[in-house]
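Numbering (numbering that gives the first Met the number 0), first residue to last: 0 to 130. Cβ coordinates follow ideal geometry from the N, Cα and C atoms, glycine included. All figures in this text were calculated on a predicted structure; none of them were measured in a lab. What follows is a set of notes on a single structure, which appears directly below.
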Amino acid sequence: MEQLTKDQVSRIAGVLKERQGKLRSEIREGLMRSANERYKDMAGMVSDTGDEAVADTLADLGIAEIDRDVQELREVESALARIGTAKFGICTDCGEAIVFERMQAHSSAARCLACQGRHERIYAHPKASSL
Ligand SMILES: [Zn+2]
0 MEQLTKDQVS RIAGVLKERQ GKLRSEIREG LMRSANERYK DMAGMVSDTG
50 DEAVADTLAD LGIAEIDRDV QELREVESAL ARIGTAKFGI CTDCGEAIVF
100 ERMQAHSSAA RCLACQGRHE RIYAHPKASS L
């Protein structure tokens, strides 16, 4: 499997950055709508940092609708961190290159389709393991 070209990587990077900006504003707006004052304090933190600690804290608060955005933002930022390293576009499980079509459809993908499917089966049904 061929690795992504520089052009393909920069196109995906553009998609990721756009998504990152959108997610951050969605999270911020979600927090602003919240009646709880302490969430509002955190909204300011989300706007100017990619700090994982903020995402972790938000996830801990268990705000369902925001939590999903935070999870995705974390994936997007993790993908952005891999760009420029040899690991971007490479499956974290099997080390094979992830096809460009998959990266376009799911720009923060960290696994190839086969490994993602296996990961989700394990993750979704931990008790269904045949081991
Ligand atoms: Zn894989």
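_Output needed for Arg10: all residues of its chain with C-beta closer than 7 Å, excluding positions within five of it in sequence on either side, in chain order._
Along the sequence shown, read from residue 1 onward, the residue named residue 10 stands at position 11. Non-local C-beta neighbours of Arg10 in its own chain, meaning closer than 7 Å and more than five positions away in sequence, are absent.
| request: Please report the residue range of the alpha helix (DSSP H) in which Cys114 lies. | output: Within the sequence shown, the letter at position 115 stands for residue 114. For Cys114, the enclosing alpha helix (DSSP H) covers residues Leu112 to Ala123.
**Item:** Ala104 in three-state terms, based on DSSP
**Value:** In the sequence shown, residue 104 corresponds to position 105, counting from 1. Of the three classes helix, strand and coil, the one that applies to Ala104 here is helix, per DSSP.
* Asked: Can you check whether the CB of Arg110 is closer than 8 Å to the CB of Asp92?
  -> Working through the sequence shown from its first residue, we reach residue 92 at position 93. Working through the sequence shown from its first residue, we reach residue 110 at position 111. Cβ distance < 8 Å, so Asp92 and Arg110 count as in contact.
task = Give the DSSP-derived three-state secondary structure of Ile89 in the structure shown.
result = Locating residue 89 in the sequence shown gives position 90, counting from the first residue. Here DSSP, grouped into helix, strand and coil, assigns Ile89 to strand.
Self-check item: Span of the alpha helix (DSSP H) around Leu22
Solution: Start at 1 with the first residue of the sequence shown, and residue 22 comes out as number 23. Lys5 to Arg32 is the span of the alpha helix (DSSP H), which, as asked, contains Leu22.
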